[in-house]
Amino acid sequence: MKSLKTLVLSGCLKLKKFPDIVQVLPDGNDIRELSLAIELLFGLVQLTLNGCKNLEHLPRTITSSRDQLLEIHLEGTAIRGLPASIELLSGNVLSNLKDCKNLKSLP
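Under our numbering, think of the first position of the sequence shown as 16, with each following residue one higher.
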């Protein structure tokens, strides 16, 4: 997985579980942003990006088209804030923001 640049999972209708690839990425990985295509993952219930030290923000609409997202784990990222659309989620959302030293605000 060291040289993985793009991963397309379109058409994988029966895919129920995907391995935690962030765990196998080297420390100091260069993930800076998420594709807006993450909006198309309607069944997404957990988003874990722990250790993505260069990730500064999430797409503004990451939560606008779903109500199933229950957990967002961003420990050790450079995230500056959560998108305002997080307030649109129904129910409680568990957020792990430990060691987010650039975090300036929450919605």
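Using N, Cα and C, we set each Cβ at its ideal position, and we do this for glycine too.
- Per DSSP, reduced to three states, the secondary structure at L70 is coil, with no helix or strand assignment.
- Measuring C-alpha to C-alpha distances from L89 to each of I77, L103, G66 identifies G66 as the nearest.
- Counting the other CB atoms within 10 Å of its CB gives L73 a total of 16 or more, which places it among the buried residues.
- Less than 8 Å separates the beta-carbon of I46 from that of L70.
- For N117, there is no enclosing beta strand (DSSP E), as DSSP marks it with neither H nor E.
- A residue is called buried once 16 or more other Cβ atoms fall within 10 Å of its Cβ, and C115 is buried on that count.
- Between the alpha carbons of I101 and L56 lies a gap of roughly 16 Å.
- A Cβ-Cβ separation of about 18 Å leaves A99 out of contact with N117 under the 8 Å criterion.
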